[in-house]
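S.K.:
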């Protein structure tokens with residue numbers, strides 16, 4: 409059994425850790441690229457959202473590298489993501505691939521089936537071993553998320569250009585080459601320490617922008633044309649409202665349990681959206697409101713073309729912009745490889761934020 | 444010796460070059476069709492402007508904007524490279540300081556820019572929908588055999604309304620053909636088309652936004668008085684079309700270049716003689732990774748001046764050797 413899985417951001421690193429701890433062979437799909445997208449687009453329904461196309465490309469490339477089992481996470485959230493596994497199964501079958509597809513989703517009721525699937529993937533029935541490996545993988549994931557967050561925060565302040573990137577890329581390289589969670593956790597601890605050592609010029613006038621929207625578009629830097637880095641280079645500190653780590657805990661522990669952070673987001677969204685309408689629409693709205701409270705300079709909403717929950721959230725953005733006095737830019741991502749249009753919008757948005765800030769500062773000086 | 448600043452807007456349909464003096468007065472403007480060849484268009488534009496200006500001028504700065512702004516900056520050496528939205532906003536503010544809304548319709552895209560108290564407050568840009576752009580009007584004018592310059596004035600002659608679906612260029616075209624076959628007047632159809640375009644623009648870009656007067660209409664399509672009238676009727680207020688409506692982007696870039704030069708003290712502009720240089724572009728597909736980026740190599744007078752198009756920075760980040768830089 410050779411297991412593979414779709415890419416989303418850097419999640420392949422903790423997944424690699426998990427299966428290495430369990431002693432299961434994995435095939436990491438080649439990094440998402442133009443070729444991945446082409447393969448996916450060719451075989452997916454035309455109007456489906458972009459993540460499915462990239463996923464599909466990932467599988468095809470992995471199968472070519474010898475994978476025979478695909479793990480997909482399911483989702484009970486009422487958006488098309490809930491059907492991804494079924495649609496992808498059918499497409500791969502039609503294409504003539506003989507692969508096993510295992511869907512992992514929150515065990516609503518049928519715990520026995522969930523355990524059967526997990527032990528099949530894990531190649532063991534030893535629950536203690538499984539939960540220990542899982543716990544360590546989640547530690548890797550959380551530490552990796554923390555490092556990514558630091559990078560997006562530090563880059564605009566770095567004194568020596570590209571220093572943060574060099575360090576970050578170097579560690580990603582090390583993580584890819586290491587085996588098992590223990591080694592990775594060591595590397596990550598080192599990376600965080602070294603990040604703290606990087607010389608930053610905190611006197612710079614840097615803007616702060618929060619990123620909200622559909623989870624894949626927010627997290628995956630291939631999908632969002634590395635928007636975080638682009639903004640950083642324009643002198644903007646970036647915070648992403650969603651991370652894979654949070655999503656995993658949410659998926660495993662159920663949304664309905666309502667952790668304190670989620671309750672806060674939902675409460676913030678309440679004047680605009682009172683219930684879950686699928687995907688992360690409610691979180692998009694809630695996080696936008698929270699960013700305004702935390703005095704961010706602006707918010708960027710990202711979504712794949714035809715993403716329904718985000719379209720609903722988008723329709724609320726003008727009123728939030730008005731009432732909370734925070735500029736919001738919505739970018740809709742599709743399979744275009746030209747970035748010029750996005751760059752123009754981003755540059756104009758950043759100009760807008762900077763002028764607003766300058767004006768606010770000069771007004772406080774005057775009064 | 445007259446001291447001047449230059450503004451260049453390289454768009455999909457037109458390439459504009461404008462000249463301003465130190466007091467922000469426009470001295471000369473030039474509007475050339477890009478025809479898919481931005482390098483040639485810009486070279487020609489600058490060459491023409493050079494001969495029109497004569498010998499007795501000193502260029503203190505140059506700014507570029509438009510979808511070809513980076514290309515133009517590499518060719519000419521620019522003090523500032525600015526996106527179209529900011530450039531249009533700056534230009535409009537210079538002409539009507541209390542402007543609240545800018546409607547800008549160009550060849551390939553259309554924009555709405557909202558300003559409050561002299562700064563840009565919100566904007567939207569459409570590049571997906573062809574029905575809201577100048578290229579669509581161009582095509583329809585050609586199909587009807589009417590010069591685009593007369594399109595607007597013909598619309599004003601219309602006496603009765605013919606409604607044309609403006610949501611999509613394909614529907615609009617088939618709807619228009621259908622109305623023609625029913626025997627409607629050409630003027631009425633043209634007027635219907637202008638109204639459809641204005642309606643589509645407001646539905647598409649103005650959605651959920653408060654369009655407060657004073658409203659400025661600029662971009663190439665602003666020359667079309669039929670569309671101006673349609674906007675006035677839909678918005679119920681007067682629409683200001685500035686004198687240099689079609690080159691406002693270049694004016695904005697010029698003003699910003701002036702500010703930038705003031706800050707830095709000297710210009711990066713390579714001089715008007717650059718119009719006589721030869722420019723060459725070669726491209727290749729990088730095969731280092733599956734992204735297969737199309738990398739562009741840009742040569743000025745046979746010397747490599749810049750490279751771009753790669754995602755990873757392998758080509759674009761590498762400093763071109765000092766020697767080449769000097770020769771260029």
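Protein chains in written order, with the working numbering: chain X, 409 to 775; chain R, 444 to 771. Built from N, CA and C at the ideal position, the CB exists for glycine as well.
1. Applying the criterion that 16 or more other CB atoms from any shown protein chain within 10 Å of the CB defines a buried residue, is residue 597(X) buried or exposed?
2. Using a Cβ-Cβ cut-off of less than 7 Å, give me the residues of the stretch 737-769 of chain X that come near chain R, in sequence order.
3. Measuring only the C-alpha atoms, how far is residue 699(R) from residue 708(R)?
4. How should residue 600(R) be labelled, buried or exposed, when 16 other C-beta atoms within 10 angstroms of its C-beta is the threshold for buried?
5. Can you have a look at residue 535(X) and say buried or exposed, based on whether 16 or more other CB atoms are within 10 angstroms of its CB?
6. Please determine, among 586(R), 486(R) and 512(R), the residue with the shortest C-alpha to C-alpha distance to residue 714(R).
7. From 459(X), 500(X), 488(X) and 491(X), pick the residue whose C-alpha is nearest to that of residue 451(X); which is it?
8. Tell me where the beta strand (DSSP E) around residue 725(R) begins and ends.
9. What residues of chain R sit near residue 442(X), judged by a beta carbon separation below 7 Å?
10. Work out the CA separation of residue 729(R) and residue 545(X) for me, nearest whole Å.
11. Among 718(X), 429(X) and 656(X), whose alpha-carbon lies nearest the alpha-carbon of residue 686(X)?
12. If the cut-off is 9 Å on Cβ atoms, which residues from the stretch 638-661 of chain R count as contacting chain X, listed in chain order?
13. List the residues of chain X that residue 447(R) touches, going by C-beta distances under 7 Å, in chain order.
14. How close, in whole Å, do the beta carbons of residue 627(X) and residue 650(X) come, if the pair is a contact with beta carbons under 8 Å?
15. Determine which residues of the stretch 546-563 of chain R have a Cβ less than 7 Å from any Cβ of chain X, and write them out in chain order.
16. Which one of 757(R), 735(R), 725(R) and 734(R) has the shortest CA to CA distance from residue 746(R)?
17. Could you please tell me which residues of the stretch 521-550 of chain R, in chain order, have their CB closer than 7 Å to any CB of chain X?
18. Please tell me whether residue 726(X) has its Cβ less than 8 Å away from any Cβ of chain R.
19. Would DSSP call residue 610(R) helix, strand or coil?
20. CA-CA distance, residue 664(X) and residue 720(X)?
21. Determine, for residue 735(X), whether the minimum Cβ-Cβ distance to residues of chain R falls below 8 Å.
22. Contact check, residue 447(X) vs residue 469(X) under 8 Å by CB: the rounded distance?
23. Comparing the C-beta of residue 510(R) with each C-beta of chain X, is any distance below 8 Å?
24. Are the C-beta atoms of residue 712(R) and some chain X residue less than 8 Å apart?
25. Measuring only between beta-carbons, confirm whether residue 518(R) sits less than 8 Å from chain X.
26. How do the stretch 749-764 of chain X and the stretch 463-477 of chain X stand: do at least 3 beta-carbon pairs fall below 8 Å, yes or no?
27. CA-CA distance, residue 769(R) and residue 517(R)?
28. DSSP on residue 753(X), reduced to helix/strand/coil?
29. Pull out every residue of the stretch 675-697 of chain R whose Cβ sits closer than 9 Å to any Cβ of chain X, in chain order.
30. Any idea which residues DSSP pairs residue 463(R) with across the strands?
31. Tell me, to the nearest whole angstrom, how far the beta carbon of residue 490(R) is from that of residue 475(R); I am working on the premise that it is less than 8 Å.
32. Following the continuous beta strand (DSSP E) through residue 664(R), name the residue where it begins and the one where it ends.
33. Between residue 438(X) and chain R, is the shortest Cβ-Cβ distance under 8 Å, so that the two count as touching?
M.R.: By the coordinates alone:
1. On the first chain, position 189 is the one that residue 597(X) refers to. The residue in question, residue 597(X), is exposed, as its Cβ has fewer than 16 Cβ neighbours within 10 Å.
2. 748, 749, 752, 753, 755, 756, 759, 760, 763, 764 and 767
3. Walking along the second chain from the start, residue 699(R) turns up at place 256. Walking along the second chain from the start, residue 708(R) turns up at place 265. Rounded to whole angstroms, residue 699(R) to residue 708(R) spans 14 Å at the Cα level.
4. The residue you call residue 600(R) lines up with position 157 of the second chain. Label assigned to residue 600(R): exposed.
5. Counted from its first residue, the first chain places residue 535(X) at position 127. Exposed.
6. Residue numbering aside, residue 714(R) sits at position 271 when the second chain is read from its first letter. The shortest C-alpha separation from residue 714(R) is found at 486(R).
7. For the purposes of this step, residue 451(X) is taken as residue 43 along the first chain, with counting starting at 1. For residue 451(X), the nearest C-alpha among the options comes from 500(X).
8. Along the second chain, read from residue 1 onward, the residue named residue 725(R) stands at position 282. Following the DSSP letters along the chain, one finds residue 725(R) inside the beta strand (DSSP E) bounded by residues 722-728.
9. Walking along the first chain from the start, residue 442(X) turns up at place 34. Close to residue 442(X), with beta-carbon spacing below 7 Å, are these residues of chain R in chain order: 733, 734 and 735.
10. Taking the first residue of the first chain as 1, we reach residue 545(X) at position 137. Taking the first residue of the second chain as 1, we reach residue 729(R) at position 286. About 36 Å.
11. Here residue 686(X) is taken as the residue at index 278 of the first chain, counted from 1. For residue 686(X), the nearest C-alpha among the options comes from 718(X).
12. Hits within the stretch, in order: 650, 651, 652 and 653.
13. As a first step, residue 447(R) must be located in the second chain, where it is residue number 4. Result: empty, since nearest Cβ-Cβ is about 25 Å, beyond 7 Å.
14. Taking the first chain and counting its residues from 1, the one referred to as residue 627(X) is at position 219. Taking the first chain and counting its residues from 1, the one referred to as residue 650(X) is at position 242. About 6 Å separates the two Cβ atoms, so the contact holds.
15. 562 and 563
16. Translated into the one-based positions of the second chain, residue 746(R) becomes position 303. Checking every option, the nearest Cα to that of residue 746(R) belongs to 725(R).
17. Result list: 526, 527, 528 and 529.
18. By 1-based counting over the first chain, the position of residue 726(X) is 318. Closer than 8 Å: yes.
19. Locating residue 610(R) in the second chain gives position 167, counting from the first residue. In the displayed model, residue 610(R) falls within coil according to three-state DSSP, outside both helix and strand.
20. By one-based count along the first chain, residue 664(X) stands at place 256. By one-based count along the first chain, residue 720(X) stands at place 312. Here residue 664(X) scores only 49 on pLDDT, less than 50, and its place in the model is too uncertain to base an answer on.
21. Position 327 of the first chain, counted from the start, is the residue given in the question as residue 735(X). For residue 735(X), the answer is yes, since a Cβ of chain R falls inside 8 Å of its Cβ.
22. Here residue 447(X) corresponds to residue number 39 of the first chain, with the count starting at 1. Here residue 469(X) corresponds to residue number 61 of the first chain, with the count starting at 1. Sure, about 7 Å apart at Cβ, within 8 Å.
23. Here the question's residue 510(R) lines up with position 67 in the second chain. So, interface residue.
24. Within the second chain, residue 712(R) is the residue found at index 269, counting from 1. Not an interface residue.
25. If you number the second chain from 1, residue 518(R) lands on position 75. False, the Cβ-Cβ gap to chain X never drops below 8 Å.
26. no
27. For this step, residue 769(R) is matched to residue 326 along the second chain. For this step, residue 517(R) is matched to residue 74 along the second chain. Here residue 769(R) scores only 40 on pLDDT, less than 50, and its place in the model should not be relied on; the value that follows carries that caveat. Cα-Cα distance, rounded: 14 Å.
28. Residue mapping note: residue 753(X) aligns to position 345 of the first chain, counting from 1. If DSSP states are grouped into helix, strand and coil, residue 753(X) belongs with the helices.
29. none
30. On the second chain, position 20 is the one that residue 463(R) refers to. Per DSSP, 448(R) and 469(R).
31. The count along the second chain starts at 1 and reaches residue 490(R) at position 47. The count along the second chain starts at 1 and reaches residue 475(R) at position 32. Between residue 490(R) and residue 475(R) the beta-carbon gap is near 11 Å, outside 8 Å, which marks them as no contact.
32. Taking the second chain and counting its residues from 1, one reaches residue 664(R) at position 221. It is not in any beta strand (DSSP E) - residue 664(R) carries neither H nor E in the DSSP assignment.
33. For the purposes of this step, residue 438(X) is taken as the residue at position 30 of the first chain. Chain R contact via Cβ: present.
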